[in-house]
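Read through the structure below, which is laid out as structure tokens, and then see the notes.
There are 2 protein chains.
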Amino acid sequence: MSARSVEDHQEHVSGLLAALHTLAPTALPLTEALGSIVSADVTSPVDLPLFRNSQMDGYAVDAESVRNTPATLAVRGVLAAGSGTPPKHLVGSAFRIMTGAPMPEGADTVIPVEDTTGVSKHAVTINRGRAAGEFVRERGSDITAGMLLVREGTRLEPRHIAALAAVGAATVITYTPPRVAVITTGAELKSAGTQLNPGEIYDSNGPALASLARANGADVVSIARSTDDPDVFRELLSYATSVADLVFTSGGVSMGDFEVVKETLQPLGAAFGHVAMQPGGPQGSAVVNEVPILSFPGNPVSTMVSFEVFARENIRRAAGLPPIASERRPLTAALRSIPGKRQFLRGRRSGDGVEPVSGTGSHLVAMMAWADVLLDIPADVTELDAGTPVSVIPLSAWN
Amino acid sequence: MSARSVEDHQEHVSGLLAALHTLAPTALPLTEALGSIVSADVTSPVDLPLFRNSQMDGYAVDAESVRNTPATLAVRGVLAAGSGTPPKHLVGSAFRIMTGAPMPEGADTVIPVEDTTGVSKHAVTINRGRAAGEFVRERGSDITAGMLLVREGTRLEPRHIAALAAVGAATVITYTPPRVAVITTGAELKSAGTQLNPGEIYDSNGPALASLARANGADVVSIARSTDDPDVFRELLSYATSVADLVFTSGGVSMGDFEVVKETLQPLGAAFGHVAMQPGGPQGSAVVNEVPILSFPGNPVSTMVSFEVFARENIRRAAGLPPIASERRPLTAALRSIPGKRQFLRGRRSGDGVEPVSGTGSHLVAMMAWADVLLDIPADVTELDAGTPVSVIPLSAWN
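In the order they appear, the protein sequences are chains A and B.
Quick note: the first sequence uses the UniProt record's numbering, first residue 1, plus one each step.
Quick note: the second sequence uses the UniProt record's numbering, first residue 1, plus one each step.
Shown next, in the form of structure tokens:
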């Protein structure tokens, strides 16, 4: 059996997951939108400021009347912020005005309270004049209706939330996180925090796939674990495909006697085969109830590497997140790689370089916690000297 | 009235918020811990692998018995993953063994199924021998009990979640997000999505402060808006101090006639005064019911800048997040700054430089959406040529 190349399988998987990129966008309440990705340009529905208003606590006047100071003016009233339709200004008089209050119609300048002397409730002495327009915020001087406020693809930061709130946007149209379900398989698996019997181990693939999916913008709607009983797996699969846009399985795809995923999915038209890579060689894929299923091998490192290589960028794109680009970094130490398979070794950025972390064993899940990249070593490379630049794929990180 | 320097007020605020850094840590379920910050080193409670097991689907043998091949061995049974206490190996025989199954006691090698020919259920022909130890995962070869697994201060990425799950950790001890309450004030404020009357505007300070706090690791437990009625403000403050570790208010601190925050808090011992900065000059602080209150001015840009300059790093430290460091970048355009006040102008990174964004008006909330840094211009600087390096403070971003 000749193994498929990584590139070929990537293309195959991207085809299977094409529907993820056509999910209808979500109108998210602004209060929940921090960190979400805007799926279309947002223009302002209004002018900001919405109306001409005062930039200072002081007195609204016409500049002409206070050109010569000191000048004592009649005070016709007090305008607080939120005080409704502004009155008409009478030349030579003043209104006491607060920051943000609408300017009287015809007044063109605000004299800060610091530059005045109160005479009585009904009169004020202006000690310093100002040019027309000073301390007045003109309508639309921040943004006008129809102008671009937030660009498609923007991750909403606090400053965007503030601007959207300011123009009165109660909701914002965002990319819809693809819904992901995870089914791990293996009779030996127990959940963290429970007691193990001899031969059992803790399931790390459920938490790993769920957090990988989340870290790349997915909404994890179901995490379940199957025994090696095909009826149990079928039941979990039926539920998963009813709630998710994409289902991951781990384990049960290899050459053992109890390969529940392979045995259940093959009659449903799934493709199982080897990809010329290590770890993560055995890969399966299917479409069940119109939902794509990616079946990864059960070793924890194999599962995580499979996600990074085949699923990550598809999920990110569906969620509106930018791709994570590979880098080239020189090796801090020599390494060897087996021929004929593309190797994804664990590495860690170190200064400008990258150092290999741990051995190749696909069970080395604790050591993988110290890695932050995969070293992507081509199939035909078997030895690399220290200092050789290699392609490096950053591991998924909290986004 | 002489204004306090930014540094002095930063020191004052940090003193007020000192208690934030002594919040008891939280034991978080691992399933909810992605992106949280570990508050103490985590060591592994177990060896990984937990027991000696097979790396392959194949046959468990002793290497000595298959040194000369082909060799036909009796098959004494099948060992699946999770199959319980392993049997004893008898020299010269084999067990069919699946990946992850415990090695029979005394067997030292696994022959992959690809290198065998099935003879019957009870016999197998080994076509290629292997060195002792090959395809066997030794107990503790990934990590041993007591070894460091995740370092204090680590943000939990998917790989850490996987490793913690693998060693059976159901919970993880994390920094406790400080609980923040936000009270905005201003009779003119309405919520986004509602209808405005003349003179009213949309409240952006509530959404801004809440998302700034969240983006820096806080848990926002209350967002409320007060009228200018002191009884309403007092009531909201009473609730806020009963649920939060830190309360932010916006507005009502300046020189107007309706300064509800100032009027309510001053009798409770609050300090109000000017800080020599723009925007954000008027600042207040208090401790009410043993909870620190920071009172920011009400202009949207002033509120956001006040948060960045005085609150951000305190919240980040409490939440276990690393500080956001200032950078130095050359200006892409000349700019002027008023003397006597430290200016925090909005800017945007552009290549290796930084370009000023918008004017200085503290109402320019829409334009601020295009900024990603504050230009930190010292009080005594009034003119800067293009190309001059300036200190640049990155704005809070989704973390």
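Virtual Cβ for every residue (Gly too), placed ideally from N, Cα, C.
message = So Leu-364(A) contacts chain B; which residues on that side make the cut at Cβ distance below 7 Å?
response = By 1-based counting over the first sequence, the position of residue 364(A) is 364. The contacting residues are Asp-142.
ask   = The beta strand (DSSP E) with Pro-292(A) in it runs from where to where?
value = Residue 292(A) sits at position 292 when you count from the first residue of the first sequence. Segment 291 to 296, the beta strand (DSSP E) holding Pro-292(A).
ask   = Who does Arg-155(A) pair with in a DSSP beta bridge?
value = Along the first sequence, read from residue 1 onward, the residue named residue 155(A) stands at position 155. According to DSSP, which records beta bridges pairwise, Arg-155(A) is partnered with Ile-37(A).
query = Closest by CA to Arg-316(A), which one among Ala-131(A), Ala-33(A) and Pro-178(A)?
reply = Along the first sequence, one-based indexing puts residue 316(A) at 316. For the residues Ala-131(A), Ala-33(A) and Pro-178(A), the minimum Cα distance to Arg-316(A) belongs to Pro-178(A).
key: Backbone CA spacing between Ser-242(A) and Val-232(A) [nearest angstrom]   = In the first sequence, the residue the question calls residue 242(A) occupies position 242. In the first sequence, the residue the question calls residue 232(A) occupies position 232. In a straight line, the C-alpha of Ser-242(A) is about 16 Å away from that of Val-232(A).
Pro-300(B): first and last residue of the uninterrupted alpha helix (DSSP H) it sits in = Here residue 300(B) refers to the residue found at position 300 of the second sequence. First-last of the alpha helix (DSSP H) with Pro-300(B): 300 to 306.
ask   = On the three-state DSSP scale, how would you describe Gln-195(B)?
value = Locating residue 195(B) in the second sequence gives position 195, where the first residue counts as 1. Gln-195(B) sits in coil when the DSSP states are folded into three classes, being neither helix nor strand.
request  = Only counting runs of 3 or more residues, tell me where the beta strand (DSSP E) segments fall wholly within the region 73 to 154 of chain A, in order along the chain.
outcome  = Runs of the beta strand (DSSP E) inside the region 73 to 154 of chain A: 93 to 97, 109 to 112, 116 to 120, 123 to 126 and 148 to 150.
ask   = Pro-207(A) versus chain B: which residues are under 7 Å apart at the beta carbon?
value = To locate residue 207(A), count along the first sequence from 1; it is residue 207. Leu-30, Thr-31, Ile-161, Ala-162 and Ala-165, listed in chain order.
query = Cβ of Thr-116(A) less than 8 Å from any chain B Cβ?
reply = Position 116 of the first sequence, counted from the first residue, corresponds to residue 116(A). Not one chain B Cβ lies under 8 Å of Thr-116(A).
message = Please report the straight-line C-alpha distance between Arg-130(A) and Leu-345(B), rounded to a whole angstrom.
response = Along the first sequence, one-based indexing puts residue 130(A) at 130. Along the second sequence, one-based indexing puts residue 345(B) at 345. Rounded to the nearest angstrom, the two C-alpha atoms are 24 Å apart.
key: Rounded straight-line distance, which links the Cα of Ala-271(A) to that of Ser-391(A)   = The residue you call residue 391(A) lines up with position 391 of the first sequence. The residue you call residue 271(A) lines up with position 271 of the first sequence. A direct Cα-Cα distance of roughly 29 Å separates Ser-391(A) from Ala-271(A).
Integer-rounded CB distance, given that His-274(A) should sit under 8 Å from Ala-3(A) = Locating residue 3(A) in the first sequence gives position 3, where the first residue counts as 1. Locating residue 274(A) in the first sequence gives position 274, where the first residue counts as 1. With a Cβ gap of about 4 Å, Ala-3(A) and His-274(A) count as contacting.
request  = Reducing DSSP to helix, strand and coil, say where Asp-219(B) ends up.
outcome  = For the purposes of this step, residue 219(B) is taken as the residue at position 219 of the second sequence. In this structure, Asp-219(B) counts as strand in the three-state DSSP scheme.
request  = Starting from Ala-240(A), trace the alpha helix (DSSP H) both ways and give me its first and last residue.
outcome  = Locating residue 240(A) in the first sequence gives position 240, counting from the first residue. Per DSSP, the unbroken alpha helix (DSSP H) holding Ala-240(A) starts and ends at 230 to 243.
Residue from Glu-200(B), Gly-15(B), Ala-170(B) and Asp-228(B) whose Cα sits closest to the Cα of Asp-203(A) = On the first sequence, residue 203(A) is found 203 positions in, with the first residue counted as 1. It is Ala-170(B) whose Cα lies nearest to the Cα of Asp-203(A).
query = Ala-224(B) by DSSP, collapsed to three states: which one?
reply = Residue numbering aside, residue 224(B) sits at position 224 when the second sequence is read from its first letter. Strand.
ask   = For the candidate residues His-21(B), Thr-109(B) and Thr-332(B), whose alpha-carbon lies nearest to that of Gly-92(B)?
value = Within the second sequence, numbered from 1, the residue matching residue 92(B) stands at position 92. Nearest Cα to Gly-92(B) within the set His-21(B), Thr-109(B) and Thr-332(B): Thr-109(B).
request  = Go ahead and label Ala-18(A) buried or exposed: buried means 16 or more other beta carbons lie within 10 angstroms of its beta carbon, across all protein chains shown.
outcome  = Position 18 of the first sequence, counted from the start, is the residue given in the question as residue 18(A). Exposed, by the Cβ-count rule.
query = In or out: Leu-268(A) buried (at least 16 other Cβ within 10 Å) or exposed?
reply = The sequence position of residue 268(A) within the first sequence is 268, counting from 1. It counts as exposed.
task = Count the other C-beta atoms from every protein chain shown that fall within 10 angstroms of the C-beta of Leu-16(A), then say buried if there are 16 or more, exposed otherwise.
result = Stepping through the first sequence from its first residue, residue 16(A) is reached at position 16. Leu-16(A) comes out buried.
query = Going along chain B, which residues have a C-beta under 9 Å from Val-150(A)?
reply = Residue numbering aside, residue 150(A) sits at position 150 when the first sequence is read from its first letter. Chain B residues near Val-150(A): Ala-369.
C-beta contact flag for Tyr-59(A) and Ala-24(A) at 8 Å = Mapped onto the first sequence, residue 59(A) falls at position 59. Mapped onto the first sequence, residue 24(A) falls at position 24. No, these two residues do not count as a Cβ contact at 8 Å.
task = Could you pull the start and end residues of the alpha helix (DSSP H) that Ile-315(A) belongs to?
result = Along the first sequence, read from residue 1 onward, the residue named residue 315(A) stands at position 315. Element bounds for Ile-315(A): 312 to 319.
key: Residue environment, Met-1(B), which counts as buried when at least 16 other CB atoms sit within 10 Å   = If you number the second sequence from 1, residue 1(B) lands on position 1. Since pLDDT at Met-1(B) reaches only 46, below the 50 mark, its modelled position is unreliable, and the value read off the structure follows with that caveat. Counting C-beta atoms within 10 angstroms of its own C-beta, Met-1(B) has fewer than 16 neighbours from the protein chains shown and is therefore classed as exposed.
task = Measuring alpha carbon to alpha carbon, tell me which of Thr-194(B), His-160(B), Gln-278(B) and Thr-227(B) ends up nearest Ser-211(A).
result = As a position in the first sequence, residue 211(A) is number 211, starting the count at 1. Nearest of Thr-194(B), His-160(B), Gln-278(B) and Thr-227(B) to Ser-211(A), Cα basis: His-160(B).
key: 8 Å contact criterion, which Ile-377(A) and Arg-342(A) should meet: CB distance rounded   = For the purposes of this step, residue 377(A) is identified with residue 377 of the first sequence, where counting begins at 1. For the purposes of this step, residue 342(A) is identified with residue 342 of the first sequence, where counting begins at 1. About 7 Å separates the Cβ atoms of Ile-377(A) and Arg-342(A), confirming a contact at the 8 Å cut-off.
ask   = What separation, rounded to the nearest whole angstrom, lies between the Cα atoms of Thr-72(B) and Ala-213(A)?
value = On the second sequence, position 72 is the one that residue 72(B) refers to. On the first sequence, position 213 is the one that residue 213(A) refers to. One alpha carbon belongs to Thr-72(B), the other to Ala-213(A), and they sit about 47 Å apart.
request  = Go ahead and label Ile-393(A) buried or exposed: buried means 16 or more other beta carbons lie within 10 angstroms of its beta carbon, across all protein chains shown.
outcome  = Working through the first sequence from its first residue, we reach residue 393(A) at position 393. Flag for Ile-393(A) reads buried.
query = Does DSSP put residue 450(B) in a helix, a strand or coil?
reply = In this structure chain B extends from 1 to 399, so residue 450(B) is not present and cannot be described.
ask   = Among Gly-284(A), Asp-47(A), Ser-5(A) and Asn-197(A), which has the Cα closest to the Cα of Pro-102(B)?
value = Here the question's residue 102(B) lines up with position 102 in the second sequence. Selected option, being the one with the closest Cα: Asn-197(A).
query = If we cut at 8 Å on Cβ distances, does Ile-173(A) have a partner in chain B?
reply = Counting from one through the first sequence, the residue named residue 173(A) turns up at place 173. No, because no Cβ of chain B sits closer than 8 Å to the Cβ of Ile-173(A).
query = Nearest-angstrom Cα distance between Asn-314(B) and Glu-235(B)?
reply = Sequence index remark: in the second sequence, residue 314(B) carries index 314 (1-based). Sequence index remark: in the second sequence, residue 235(B) carries index 235 (1-based). One Cα belongs to Asn-314(B), the other to Glu-235(B), and the distance between them is close to 27 Å.
key: Spatial neighbours of Pro-279(A) in its chain, beta-carbon cut-off 6 Å, leaving aside the 5 residues before and after   = Residue mapping note: residue 279(A) aligns to position 279 of the first sequence, counting from 1. Around Pro-279(A): Val-301, Ser-302, Val-305 and Ser-362.
Neighbour-count burial assignment, Tyr-175(B), 16 or more Cβ in a 10 Å radius = Numbered from 1 along the second sequence, position 175 holds the residue referred to as residue 175(B). By the Cβ-count criterion, Tyr-175(B) is buried, with 16 or more other Cβ atoms from all chains shown falling within 10 Å of its own Cβ.
task = Excluding the 5 residues preceding and the 5 following residue 413(A) in the sequence, name in chain order all residues of the same chain whose CB lies nearer than 8 Å to its CB.
result = No statement about residue 413(A) is possible, as the shown extent of chain A runs from 1 to 399 and does not include it.
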